Amino acid sequence: MYPDHTHRPPAQRAVEVHRPTPLPPAAVAPALPVQPGAVPSVASVVLPDGRVVTGYAINPAQPAPVTAKPAVSRTAVNVALGGVGFLAVCGGLLLLTSFIAALTAFITQLITLAAVIFGGWIAVQVFGASGHQGGTTVNIRKAVIKRNKFYG
14 MYPDHTHRPP AQRAVEVHRP TPLPPAAVAP ALPVQPGAVP SVASVVLPDG RVVTGYAINP
74 AQPAPVTAKP AVSRTAVNVA LGGVGFLAVC GGLLLLTSFI AALTAFITQL ITLAAVIFGG
134 WIAVQVFGAS GHQGGTTVNI RKAVIKRNKF YG
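At position 41 of the sequence shown the residue is numbered 54 (the working numbering), and the sequence of numbers has no breaks.
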């Protein structure tokens with residue numbers, strides 16, 4: 014059995030030649046003037062052999078509307094807002110450090126003032142020029158110490 018399902022070898026089969034039939038030149042149907050937007054609902058086309066084909070007009074496909082992209086991307090806006098927030102935090106930290114430094118200086122001045130006042134009070138108590146104020150009087154006279162014995 015051969016590929017063409019016959020019992021004859023390919024050399025014995027008849028060769029058929031097909032020649033295309035030429036078509037007469039097509040006559041162009043006259044175009045009707047149509048206002049833009051007033052497309053008729055039914056269109057007719059006259060074929061070269063005189064036949065008329067009628068059908069519905071197909072509206073051209075409208076492209077999808079293009080969504081306008083914003084002038085600035087969302088990522089750029091987010092980075093900018095993050096930078097503003099970071100600067101605000103840094104400013105707050107700078108103010109906090111300034112506040113802590115001022116508070117430390119204030120506490121140091123209070124301690125120094127207390128030391129000066131308390132030290133002055135102690136100095137007045139020790140080196141006071143006032144006379145005897147009711148204490149024990151001790152008279153010191155010449156004493157002799159011989160061989161670890163006090164003779165006074």
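Note that beta-carbon positions come from the ideal geometry of N, C-alpha and C, so glycine has one too. Quick caveat: nothing in here was measured; it's all calculated off a predicted structure.
Could you pull the DSSP bridge partners for residue i from this structure?
i: Gly68; result: Ala56
On a CA-only basis, which of the options is nearest residue i? Give me that one, please.
i: Ala56; options: Gly68, Ala39, Gly63; result: Gly68
i: Ala39; options: Arg87, Asp62, Val30, His31; result: Asp62
i: Leu60; options: Gly104, Pro76, Leu94, Pro37; result: Pro37
Could you check whether residue j and residue i sit closer than 8 Å to each other, using their CB atoms as the reference points?
i: Val66; j: Val58; result: yes
Query raised in the report: Which parts of the region 67-135 are runs of the beta strand (DSSP E), unbroken and 3 residues or longer, counting only runs that do not cross its ends?
Result: none
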